[in-house]
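In my numbering, the protein residues as written are 639 to 982. First comes the structure, then the notes that go with it.
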Ligand code: TYM
């Protein structure tokens with residue numbers, strides 16, 4: 639008899655403890671997590687094993703994990719409502735990743751654009767972990783039989799791979815029964831912030847690994863830094879138009895308007911209506927104020943939490959106990975289905 643139940647709706651998402659979190663992470667992912675936890679059964683992970691795929695990330699991994707946990711809690715994830723834990727404290731993730739490594743095909747992984755971007759020209763020098771990274775991500779999600787995954791658009795392809803792995807498991811190992819074991823998880827990619835771009839180049843994603851500090855706004859940036867980064871953000875000489883169509887080929891302008899819309903919980907059309915005809919110097923002043931009003935309470939709370947690291951550790955340990963309970967049941971079932979479990 640299988641013990642785990644397929645929940646009607648369960649949310650899973652993760653974030654890497656690498657470098658500074660920026661407003662792309664906040665608007666594209668964390669902000670949506672906060673809304674979801676009000677209604678849904680939510681599990682969020684600081685994915686430290688994923689950070690290990692790039693060896694340079696390791697030296698400061700403990701501190702980075704605590705810092706990202708602090709950011710997520712400061713932004714509004716409530717450990718009473720959601721499970722929050724660090725990935726390496728639930729060993730079932732790596733065990734399931736091995737099983738999925740034997741299901742996923744090299745051809746599927748060869749298509750992953752994120753690997754190509756991250757490995758760059760030195761592909762032979764990239765770790766095997768970086769190549770099979772999306773398999774571990776599939777394990778993260780399916781270990782909880784999650785049904786919905788709130789992420790930014792850059793993770794869409796990894797979600798498709800997760801669905802391929804789930805579907806292959808259902809057909810190859812569970813075909814004697816007429817019900818699927820895994821429901822195929824759906825991405826939740828919402829609103830104008832699904833892909834926040836660099837402040838220096840509207841064609842590249844805002845990223846923790848961009849060497850230019852001015853390309854992103856970090857959650858730890860103070861008001862002067864935010865003003866100066868927005869002031870220096872790339873735009874063009876044209877005023878703000880009336881319609882979204884007129885923003886075609888104006889990637890940097892569209893990006894700043896998307897950021898404004900997302901922080902103010904309004905649509906892009908409403909923002910265009912509000913600022914139509916105005917120049918970017920005026921718009922940038924309002925945008926800086928809006929960002930500061932939203933980010934500074936998070937920064938303040940993060941700093942407070944980082945002075946109480948034991949408190950963060952307690953939250954992560956409690957979260958991992960809850961996560962392990964679910965993970966253990968699901969993995970036991972998966973092993974029974976494959977034929978690895980002789981106990982019952
Ligand atoms: P990571 O740590 O790179 O980013 C965390 C979340 O932030 C989103 N994001 C963005 N959204 C909009 N605009 C941007 N510029 C931007 N940059 C980042 C990401 O889409 C992500 O939602 N592989 C994942 C972590 C992961 C995961 C998982 C996610 C591991 N296991 C299972 C979901 C489910 C990653 O590297 O995210």
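Glycine residues also receive a C-beta, built at the ideal position from the N, C-alpha and C atoms. Since we're looking at a predicted model, the values are computed, not measured.
Here the alpha carbon of residue 699 sits roughly 10 Å from the alpha carbon of residue 706. Within the region 669-697, complete alpha helix (DSSP H) segments of at least 4 residues are found at 669-674, 686-689, given in chain order. A direct Cα-Cα distance of roughly 37 Å separates residue 916 from residue 755. Under the DSSP assignment, residue 957 falls in the alpha helix (DSSP H) whose first and last residues are 947-976. Around the beta-carbon of residue 639, fewer than 16 other beta-carbon atoms lie within 10 Å, marking it exposed.
With a cutoff of 6 Å, residue 651 counts as near ligand 1, since its C-beta is closer than that to a heavy atom of the ligand. DSSP places residue 935 within a helical segment (H, G or I) once states are collapsed to three. Residue 722: member of the beta strand (DSSP E) spanning 720-724, first to last residue. Distance from the Cα of residue 704 is smallest, within the candidate group 829, 955, 782, 855, for 955. Between residue 667 and residue 943, the beta carbon gap of about 19 Å keeps them out of contact (Cβ cut-off 8 Å).
Looking at the DSSP output, residue 826 sits in a beta bridge with 788. Residue 675 has its Cβ no nearer than 6 Å to any heavy atom of ligand 1. The C-beta separation of residue 742 from residue 650 comes to about 18 Å, leaving the pair out of contact by the 8 Å criterion. By the criterion of a C-beta distance shorter than 6 Å, residue 727 is surrounded in its chain by 958, once the five residues flanking it on both sides are discounted.
Each residue's CA atom was taken as its position, placing residue 979 and residue 870 some 60 Å apart.
DSSP, reduced to helix, strand and coil, places residue 714 outside both helices and strands of the structure shown, so it counts as coil. In the displayed model, residue 653 falls within a strand according to three-state DSSP.
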